[in-house]
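Read through the structure below, which is laid out as structure tokens, and then see the notes.
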């Protein structure tokens, strides 16, 4: 066992259980690094990662008062939440104070130091799963978990409400719920539901560049056509051409509803949205998965830390 392996550089995820409990940290790392969730490691960690949306105002003010990390330690700003809902993330662009406090930024934005996306390394195989037949009458489904106006920066809730006036939408989420999930098993149940519908409303909670979440990818995996409201550059995250429908291409919810109903009656036109599953995935998509998958994010974080501290 090498000395580096015996005494690895520690990267601490600050208050992991409270702030990162959903984030998978047991990922590929350089041999001489280790991820820690033990706050007792804070003084000897080479980097401390702060989940900005979860940090209290007191924590942020404390960091600001310190001005910078201790010698031989970096502070890392982390978030995979939309800056549209968490203005604190805009400090990456606008606040010189916080730009100086955090040496590295690890967010969903592809222009940050360490991009961390909702892409997964197993996407190649998952996206090639066969499409299951859809039961008659299962046209559009929605799974919107939050009805809070705080997470409605793009007007998605009002859009869905108006859409319901023109086409049946089976809503399994908390918003406008009209369908129940029997024996709810989390993501497994969600994927099972999506797979039974021709279309799935993939409405993000804001329309921020690069903010493309599981709402877009899960229908693609399940064999349902995503109807997208979200990032203006969602096409850059698409595994193929002609595999989703963008609401921005329609003048109103009624126009969208009319198009979906037309596709429902035209098997050839609808099938064209699923033909991509029988073809090779885009080279650009495969490259993006390889570079920006959630499994690789911590590895690249360690490499950026190594560069900054000359480890």
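In the UniProt record's numbering, the protein residues as written are 1 to 311.
Using N, Cα and C, we set each Cβ at its ideal position, and we do this for glycine too.
Report the rounded CA-to-CA distance for residue i versus residue j, giving the unit in angstroms.
{"i": "residue 216", "j": "residue 309", "result": "37 Å"}
{"i": "residue 192", "j": "residue 141", "result": "12 Å"}
{"i": "residue 58", "j": "residue 12", "result": "20 Å"}
{"i": "residue 173", "j": "residue 250", "result": "24 Å"}
{"i": "residue 294", "j": "residue 240", "result": "20 Å"}
{"i": "residue 110", "j": "residue 210", "result": "7 Å"}
{"i": "residue 52", "j": "residue 268", "result": "47 Å"}
{"i": "residue 205", "j": "residue 306", "result": "35 Å"}
{"i": "residue 155", "j": "residue 223", "result": "26 Å"}
{"i": "residue 247", "j": "residue 201", "result": "10 Å"}
{"i": "residue 213", "j": "residue 292", "result": "13 Å"}
{"i": "residue 230", "j": "residue 87", "result": "17 Å"}
{"i": "residue 168", "j": "residue 281", "result": "32 Å"}
{"i": "residue 42", "j": "residue 108", "result": "25 Å"}
{"i": "residue 272", "j": "residue 225", "result": "10 Å"}
{"i": "residue 316", "j": "residue 177", "result": "No answer is possible for residue 316: the residues shown for the chain start at 1 and end at 311."}
{"i": "residue 39", "j": "residue 48", "result": "10 Å"}
{"i": "residue 286", "j": "residue 116", "result": "15 Å"}
{"i": "residue 186", "j": "residue 194", "result": "13 Å"}
{"i": "residue 54", "j": "residue 261", "result": "42 Å"}
{"i": "residue 129", "j": "residue 164", "result": "30 Å"}
{"i": "residue 290", "j": "residue 35", "result": "21 Å"}
{"i": "residue 14", "j": "residue 27", "result": "17 Å"}
{"i": "residue 70", "j": "residue 203", "result": "42 Å"}
{"i": "residue 56", "j": "residue 283", "result": "41 Å"}
{"i": "residue 270", "j": "residue 31", "result": "48 Å"}
{"i": "residue 125", "j": "residue 190", "result": "19 Å"}
{"i": "residue 182", "j": "residue 263", "result": "29 Å"}
Within 10 angstroms of the Cβ of residue i, are there 16 or more other Cβ atoms? Answer buried if so, exposed if not.
{"i": "residue 75", "result": "buried"}
{"i": "residue 184", "result": "exposed"}
{"i": "residue 242", "result": "exposed"}
{"i": "residue 81", "result": "buried"}
{"i": "residue 66", "result": "exposed"}
{"i": "residue 265", "result": "exposed"}
{"i": "residue 188", "result": "exposed"}
{"i": "residue 133", "result": "exposed"}
{"i": "residue 83", "result": "buried"}
{"i": "residue 386", "result": "The structure shown does not extend to residue 386, since the chain is modelled only from 1 through 311, so no value can be given for it."}
{"i": "residue 94", "result": "Unreliable positioning characterises residue 94 in this predicted model, as indicated by a pLDDT of 48, which lies under 50. The coordinate reading is nonetheless provided below. Flag for residue 94 reads exposed."}
{"i": "residue 123", "result": "buried"}
{"i": "residue 238", "result": "buried"}
{"i": "residue 1", "result": "In this prediction, residue 1 has a pLDDT of 46, which is less than 50 and means its spatial position is unreliable; nothing more can be read from the coordinates."}
In terms of alpha-carbon separation, which member of the options lies closest to residue i?
{"i": "residue 166", "options": "254, 27 and 62", "result": "254"}
{"i": "residue 233", "options": "131, 242, 208 and 106", "result": "208"}
{"i": "residue 37", "options": "200, 223, 46 and 16", "result": "16"}
{"i": "residue 219", "options": "277, 116, 47 and 178", "result": "277"}
{"i": "residue 143", "options": "129, 158 and 175", "result": "175"}
{"i": "residue 297", "options": "68, 72 and 118", "result": "118"}
{"i": "residue 303", "options": "106, 69, 40 and 198", "result": "106"}
{"i": "residue 135", "options": "164, 196, 71 and 14", "result": "196"}
Determine whether the beta carbon atoms of residue i and residue j lie at a separation below 9 Å.
{"i": "residue 50", "j": "residue 33", "result": "no"}
{"i": "residue 227", "j": "residue 244", "result": "yes"}
{"i": "residue 113", "j": "residue 104", "result": "yes"}
{"i": "residue 131", "j": "residue 274", "result": "yes"}
{"i": "residue 9", "j": "residue 311", "result": "yes"}
{"i": "residue 288", "j": "residue 235", "result": "no"}
{"i": "residue 252", "j": "residue 162", "result": "yes"}
{"i": "residue 121", "j": "residue 198", "result": "no"}
{"i": "residue 160", "j": "residue 145", "result": "no"}
What is the C-beta distance between residue i and residue j, in whole angstroms, given that I count them as a contact (C-beta under 8 Å)?
{"i": "residue 29", "j": "residue 259", "result": "Actually they do not touch by this definition, with Cβ atoms about 47 Å apart."}
{"i": "residue 63", "j": "residue 101", "result": "5 Å"}
{"i": "residue 85", "j": "residue 180", "result": "Wrong, their Cβ atoms sit about 28 Å apart, outside the cutoff."}
{"i": "residue 73", "j": "residue 45", "result": "6 Å"}
Measuring from the CB of residue i, is there a heavy atom of the ligand MN at a distance below 8 Å?
{"i": "residue 244", "result": "What this structure holds is no ligand at all, so the ligand MN is not there to describe."}
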